[in-house]
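When the letters of the sequence shown are read in order and numbered with numbering that gives the first Met the number 0, they come out as residues 0 to 229. Single-structure report; data block below.
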Amino acid sequence: MKIFIFIFTLFIYSHAVKPYALQFTGVKVEHTYSNAEKENYLIERVINKKCMDIAVSSENFDDENISKNIPKECKKTLIKAKGIIQGLYINENIKTFSEIEVLNFLYTKTTKNPSKYILVDSRKKSWFDLRTIPSAVNIPFEDLKYDEDFKEDFNDAYKNLGIKVLDKKSFDFTNAKTAVFFCNGPWCPVSSKSIKYLSSIGYPESKMIWYRGGMASWESLSLSVTKSLK
């Protein structure tokens, strides 16, 4: 019996998907756009065949050579002079994720039990509609604060997080989801502001995680993003 259990355990372990491998095997998710349209995505590193033979060398990574000789499918232009660089951690109780942990969170948590886990895009709707991480739910920082003119957005934000609104300043966090928050990049303070605000009103810090790299890091690694919603 012990031998059977050992062999079974070894079989399960050997066939389990290692987190680092998810960038190659991909993660299947369903994304809901702001217009309620749904679409299936396979989140993976999208690497064009033209990029496969580019050597990792100082010559190839020189700015001038990138501009002149590297195929457009293998590079991306980024604005690099905005925002304020954020620290690596918000505090000792809140974990910071890299891309591998985000992929694993989607693979093992949100796709299996969306009633308890959620990936949160903290940016404004216009950013979310431009492109986001597939399966992310848009909960802008502004919607977390009560506004008489935007009651529905306020209530929807907390409903998506599994929180019961008792009144505009009182909440029941009994069923709060474990949430990973992100925004535009390591220079963007919006997701960390969302986490800090939710912590201040009682959201369990053990259920909040920060993907500091955000869209800038995600796209720089050629990971799948949603189509732009026109």
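Idealized CB from N, CA, C, for every residue including glycine.
Rounded to the nearest angstrom, the gap between the Cα atoms of Thr-76 and Ala-54 is 20 Å.
Leaving aside the five residues that flank Ile-117 on each side, the residues in its chain whose CB is nearer than 6 Å to its CB run, in chain order, Val-136, Lys-176, Ala-178. Here the segment 21 to 30 lies against the segment 103 to 114, with 3 or more beta-carbon pairs under 8 Å apart. Below 8 Å, too few C-beta pairs join the segment 59 to 69 and the segment 151 to 165 to call them touching: fewer than three. By the CB criterion at 8 Å, Ile-93 and Trp-209 fall inside the cutoff. Per DSSP, Phe-180 lies in no alpha helix (DSSP H); the unbroken beta strand (DSSP E) holding it starts and ends at 177 to 181.
Within its own chain, the residues whose Cβ lies closer than 7 Å to the Cβ of Phe-170, once the five positions on either side in sequence are excluded, are Tyr-157, Ile-162, Lys-163, Val-164, Ile-200, Gly-201, listed in chain order.
When DSSP states are grouped into helix, strand and coil, Ile-65 belongs to the helix group. Within the segment 115 to 168, complete beta strand (DSSP E) segments of at least 3 residues are found at 116 to 120, 163 to 166, given in chain order. If you compare the alpha carbons of Thr-173, Trp-186, Leu-87, Ile-194 with that of Phe-140, the shortest gap goes to Ile-194. In this structure, Pro-188 places its C-beta atom within 8 Å of the C-beta atom of Gln-85. As computed with DSSP, Asn-39 is found in a beta bridge with Glu-29. According to the DSSP assignment, Trp-186 belongs to no alpha helix (DSSP H), since it is labelled neither H nor E. Assigned with DSSP and collapsed to three states, Ile-208 falls in strand. For Val-101, the enclosing alpha helix (DSSP H) begins and ends at 98 to 104.
Under a 10 Å Cβ-count criterion, Asp-52 is classified as exposed, with fewer than 16 other Cβ atoms of the shown protein chains found around its own Cβ.
Contact between Ile-99 and Tyr-40 does not hold, since their C-beta atoms are separated by about 18 Å, which reaches or exceeds 8 Å. Where Gln-85 is concerned, there is no enclosing alpha helix (DSSP H), because DSSP gives it neither an H nor an E. The beta carbon of His-30 is closer than 6 Å to those of Glu-38, Tyr-40, Pro-133, Ser-134, Thr-225 in its chain, skipping five residues each way along the sequence. If you check the CB distance, Asp-128 and Ser-216 do not come in under 8 Å. For Asp-142, the CB contacts under 8 Å within the same chain, skipping 5 residues up- and downstream, are Phe-149, Asp-152, Phe-153, Asp-155, Ala-156 in chain order. For Phe-23, the enclosing alpha helix (DSSP H) covers residues 21 to 24.
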